[in-house]
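Chains as they are written, first to last, in the numbering used here: chain A, 8 to 506; chain B, 8 to 506.
For every residue, glycine included, the Cβ atom is placed at its ideal position computed from N, Cα and C.
Working notes for the structure below.
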């Protein structure tokens with residue numbers, strides 16, 4: 008029986024939840040199998056074949072479900088954007104569901120198992136044991152987690168979307184909106200071609216709302232909606248010492264040590280509370296609105312639990328996690344100089360490497376960050392290079408730094424008071440059976456600003472995965488209960504969204 | 008014809024030089040062959056068989072030359088000290104010649120060729136080509152260098168000593184002193200058993216003077232004598248962050264970053280001029296004597312040439328190399344946190360590692376350095392651990408640092424005004440035909456303090472190898488002219504030393 012477009016009241020919302028949950032409990036192994044198969048495809052930047060295979064598979068998934076589908080590219084050879092569209096008769100709104108099918112790079116030596124041979128485990132910690140989920144009778148333990156690169160970030164979102172669609176179809180529910188799908192293949196590289204694809208396909212991608220299926224839910228495990236995300240820009244800095252490693256007994260105290268210079272620079276960049284000390288870099292920070300402050304104040308307190316979970320005594324500041332991530336951040340993601348431990352030799356290293364990422368908040372831009380940092384470096388006596396120094400540069404300048412900037416993008420916060428915004432929160436809350444957590448801005452970066460910039464429509468985040476998923480690190484994982492919740496959330500936004 | 012013990016006047020010194028030089032020019036291939044064979048024996052800590060083979064060979068070399076010889080050990084299985092003694096009828100002084108036959112560890116991937124298959128090259132730089140020295144006609148190019156681990160540090164000293172002995176014998180010259188030899192096999196491990204061997208063999212090793220055949224000559228390539236050496240103590244510090252790597256977008260600005268803490272700590276330890284900022288650590292620094300200052304002032308200026316050689320624009324301070332190495336040093340020999348470059352992930356690392364070595368000057372001790380540093384860390388809010396933190400420590404303390412101290416030893420400066428000191432400088436200068444460079448203290452560490460502490464006799468350094476020998480790094484090498492000069496220096500101190 009195909010139902011009409013009646014919007015779900017409380018009773019109807021409960022019925023929808025029950026239908027979707029019944030379908031899911033009967034299809035858990037199938038859904039997990041889909042996530043396993045998709046995660047096994049090595050769709051990371053270093054593996055173009057894997058990226059292409061994932062795009063092919065996703066296009067097939069959409070086609071089988073009746074979507075019109077295409078691969079969109081701005082330049083030859085780029086990982087394609089998988090596009091899909093399905094009209095819903097009578098629907099007055101069109102919603103684009105965004106996700107990405109590429110994953111972060113992997114450092115295989117740090118993984119407990121092959122990142123592309125997904126393994127189910129009983130939990131997160133070192134005591135968790137492998138689970139033969141295919142042999143399990145009946146329901147799967149919702150605390151089990153599937154380990155594999157991109158299992159969580161961001162393939163869970165894609166699998167949950169498809170499962171929700173299937174559940175609705177099985178229940179005879181028609182989507183309440185016209186659906187478009189944009190699944191990107193190079194988000195973890197900083198989305199270098201996304202803007203071109205969007206601009207070249209503006210008519211094709213026209214909509215009333217973008218829903219961004221990326222990022223984790225609240226650390227309390229409450230389902231969540233977010234209205235923005237910090238931007239980011241990465242930077243690899245190389246600081247130069249002597250041409251060859253020198254005995255640090257014979258030359259220590261006279262030959263400048265690039266490790267010491269790198270440490271000093273890192274210490275000068277931020278204070279112990281994480282406040283960035285480079286002048287001008289925070290000039291463009293937009294204050295939080297009353298609605299944003301109110302939403303943050305309404306979040307369940309999570310810091311004590313996170314401190315236990317992470318094994319830390321306290322946060323860098325007393326303002327709490329969410330407020331602290333409303334500020335720009337300068338993260339030292341890597342430091343390398345000389346050798347440590349068993350390999351340590353008493354030598355002055357030839358270079359030191361400092362890897363940094365900035366997290367940007369509205370209205371900061373990567374260009375502004377770059378200009379401010381480089382001006383500050385020069386004012387402090389650094390000679391800023393874009394290649395290794397030659398003999399003349401070495402002879403003339405004492406502090407040589409080579410900067411390699413990655414592509415970056417600004418942060419974004421959407422207006423939380425629009426009709427679309429209120430409708431999304433309401434639909435997600437009805438799907439959850441309780442008010443969802445409302446986050447003004449994710450600490451992590453998703454290129455939301457771009458959709459808003461190109462299409463001038465509301466852009467809202469729809470995260471489903473667990474916060475403790477090790478995304479961007481080794482042993483990334485997706486917790487099954489989050490996948491189950493995510494299916495319900497997607498079903499609610501497909502079948503019960505209207506404004 | 009055996010000459011008597013007449014001390015060399017200027018004419019006699021010139022005759023001795025000529026005799027030794029003539030012998031050497033006729034025996035260059037033989038001397039280089041001896042250095043090649045000794046370098047090919049992998050006498051490093053990781054290869055006990057190699058260490059034993061080197062000790063065996065050296066004992067044979069001494070026995071063949073008429074020395075009484077023994078292997079001395081303080082504990083079973085340690086690399087033995089090779090001892091040798093040869094009395095010279097009529098000599099009133101006894102001199103112990105110290106050197107070590109072990110080499111630094113190797114990181115094979117960083118070597119241009121196998122560190123234990125010695126290769127002769129035309130020079131030092133990347134353009135230097137391999138040379139078939141065995142096929143060379145006549146004299147070898149004195150700028151050629153033999154590449155191999157320990158070729159320079161410290162097997163050149165041993166080979167030069169033996170060659171000098173042979174040259175004197177060929178010339179019918181009798182040593183002017185009774186000779187003792189102490190060749191150690193674990194200097195590069197910090198000489199963990201040397202003190203015990205010395206104390207257990209005090210009568211056997213009684214002498215009027217120790218000559219320490221280790222370290223490089225002056226960077227001007229002038230032959231040199233040194234009167235001390237900085238001590239050293241190494242330290243591996245681990246700073247703890249969250250239990251697992253965390254997405255630095257979602258948690259950056261709230262979860263403390265151990266890379267940032269390590270950088271801040273490194274920056275707090277020393278100022279940009281290399282002065283150590285830990286209170287009390289320099290309290291025990293003994294001022295230079297007028298004789299020491301005078302000796303330093305008399306050294307040929309070397310900084311401009313070294314700046315070119317090392318590719319640096321300036322030293323950390325304007326005081327120059329030698330004066331700067333009269334101070335204690337805190338060298339950052341390694342930094343490790345997270346990932347950099349292609350592997351960089353946007354994550355807060357779980358630990359940061361900081362590898363440090365201190366260079367100690369009289370009258371500092373490793374115990375004092377350790378106490379001062381740990382007290383300072385505690386005063387700055389660090390919790391100092393000797394093992395990884397448990398959950399209780401993580402919950403209670405925000406700044407957790409684990410320290411692993413290596414064995415170390417103090418620095419030493421000998422009195423430059425004793426009769427023995429003056430006699431050594433005079434004999435070395437006569438052998439060189441010009442005044443040698445006189446260094447109050449090497450920047451690098453040699454456990455000289457120990458000989459002085461146990462025997463209360465003067466201890467003086469007799470270096471021969473080139474400063475640009477990559478000792479303690481990959482592609483260690485010995486320059487032939489330094490080997491030739493070293494033979495003459497050793498011959499002078501064997502046959503022309505008296506006080």
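Hey, does residue i have any beta-carbon neighbour from chain B nearer than 7 Å?
i             : result
residue 366/A : yes
residue 80/A  : no
residue 331/A : yes
residue 220/A : no
residue 486/A : no
residue 14/A  : Confidence is the limiting factor: at residue 14/A the pLDDT is only 49, short of 50, which leaves the residue's position unreliable, though a coordinate-based value still follows. It does not: the Cβ of residue 14/A has no partner Cβ on chain B nearer than 7 Å.
residue 11/A  : Interpretation of residue 11/A is limited by its pLDDT of 35, a score under 50 that renders its predicted location unreliable; the figure taken from the coordinates is listed afterwards. It does not: the Cβ of residue 11/A has no partner Cβ on chain B nearer than 7 Å.
residue 388/A : no
So, does the CB of residue i fall closer than 7 Å to a CB anywhere in chain A?
i             : result
residue 263/B : yes
residue 234/B : no
residue 360/B : yes
residue 160/B : no
residue 135/B : no
residue 243/B : yes
residue 489/B : no
residue 34/B  : no
residue 494/B : no
Starting from the beta carbon of residue i, find every residue of chain B whose beta carbon is closer than 7 Å, and list them in chain order.
i             : result
residue 50/A  : Neighbours of residue 50/A on chain B: none; closest Cβ ~17 Å, over 7 Å.
residue 479/A : 254, 352, 353 and 354
Name, please, each residue of chain B whose Cβ falls closer than 9 Å to the Cβ of residue i.
i             : result
residue 114/A : 346, 350 and 352
Would you mind stating whether residue i and residue j have Cβ atoms separated by less than 7 Å?
i             : j             : result
residue 86/B  : residue 193/B : yes
residue 327/B : residue 369/B : no
residue 443/B : residue 436/B : yes
residue 336/A : residue 451/B : no
residue 329/A : residue 303/A : yes
residue 218/B : residue 487/B : no
residue 483/B : residue 156/B : yes
residue 236/A : residue 453/A : yes
residue 201/A : residue 191/A : yes
residue 490/B : residue 163/B : yes
Tell me which residue opens and which closes the beta strand (DSSP E) that residue i is part of.
i             : result
residue 78/A  : 75-79
residue 43/B  : Element bounds for residue 43/B: not the beta strand (DSSP E) but the alpha helix (DSSP H), 35-46.
residue 487/B : Here residue 487/B belongs to no beta strand (DSSP E); instead the alpha helix (DSSP H) covers 487-502.
residue 367/A : 358-367
residue 390/A : 390-392
residue 233/A : 231-233
residue 483/A : No beta strand (DSSP E) holds residue 483/A; DSSP gives it neither H nor E.
residue 191/B : 185-191
Going along chain A, which residues have a C-beta under 7 Å from residue i?
i             : result
residue 250/B : 317 and 318
residue 271/B : 274 and 279
In chain order, what residues of the same chain lie with their CB nearer than 6 Å to the CB of residue i, ignoring the 5 residues before and after it?
i             : result
residue 373/A : 240 and 415
residue 280/B : 323 and 324
residue 493/A : 167 and 471
residue 390/B : 404 and 407
residue 67/A  : none
residue 149/B : 487 and 488
Taking the alpha helix (DSSP H) that residue i belongs to, which residues open and close that run?
i             : result
residue 409/B : Residue 409/B -> not in any alpha helix (DSSP H); beta strand (DSSP E) instead, spanning 407-412.
residue 436/B : 426-439
residue 136/B : Note, residue 136/B: premise wrong, no alpha helix (DSSP H); not H, not E.
residue 154/B : Looking at the DSSP string, residue 154/B is not in any alpha helix (DSSP H); the run it does join, the beta strand (DSSP E), is 152-154.
Going by beta carbon distance, what residues of the same chain come within less than 8 Å of residue i, once the five residues before and after it are set aside?
i            : result
residue 8/B  : Because the pLDDT at residue 8/B is just 32, under 50, the model does not fix this residue reliably, and the value given afterwards should be weighed accordingly. So the qualifying residues of the chain are 179.
residue 14/A : Bear in mind that a pLDDT of 49 at residue 14/A, under 50, signals an unreliable position, so the model cannot answer this.
Tell me whether residue i counts as near the ligand GDP, meaning its Cβ is closer than 6 Å to at least one heavy atom of that ligand.
i             : result
residue 321/B : The ligand GDP is not part of the structure shown, which contains no ligands of any sort.
In chain order, what residues of the same chain have a beta carbon less than 7 Å from the beta carbon of residue i, not counting five sequence neighbours either side?
i             : result
residue 11/B  : For residue 11/B, the predicted model reports a pLDDT of 35, less than 50, meaning its position is unreliable and no value from the coordinates is stated.
residue 122/A : 113, 115, 155 and 156
What does residue i reach in chain A if we use C-beta pairs closer than 8 Å?
i             : result
residue 196/B : Going along chain A, no residue has its Cβ under 8 Å from residue 196/B, so there is no contact; the nearest lies around 12 Å.
Which chain B residues are close to residue i, counting only those with a beta carbon under 8 Å from its beta carbon?
i             : result
residue 322/A : 261, 262 and 263
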